[in-house]
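For reference, the structure discussed in these notes is given below.
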Amino acid sequence: MQALKIHVVVDDSVVRALPALSPLRGQRVELIALGEAQPPSPVAPVAGGLLGQIKLKEDFDAPLPDDVRSAFEGDEP
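And the structure:
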């Protein structure tokens, strides 16, 4: 079982989601949500799964133009 504990001030958005908390509007409360743990998704990367679907240009590893390099390195305002 998993648990999530949060502290919130009960405002309109909380009351819309949980109308039973309406009498506590304006008060700081601790909410505890309990749930069953979900098993991890059985998705795993497949070697070569995108083979033939990605095309790289001949110059993909060429140096960047000066203005682009400067922007990445934070040299420009």
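The opening residue of the sequence shown carries number -1 in the numbering used here; numbering runs sequentially from there. Note that beta-carbon positions come from the ideal geometry of N, C-alpha and C, so glycine has one too.
- Rounded to whole angstroms, proline 63 and alanine 45 show a C-alpha spacing of 33 Å.
- Annotation: the continuous alpha helix (DSSP H) that includes glutamate 71 extends over 64 to 71.
- Collapsing the DSSP output to three states places alanine 42 in coil.
- Our two residues, alanine 69 and glutamate 56, have alpha carbons roughly 23 Å apart in a direct line.
- For glutamate 28, the closest of Val6, Glu71 and Ala60 by C-alpha to C-alpha distance is Val6.
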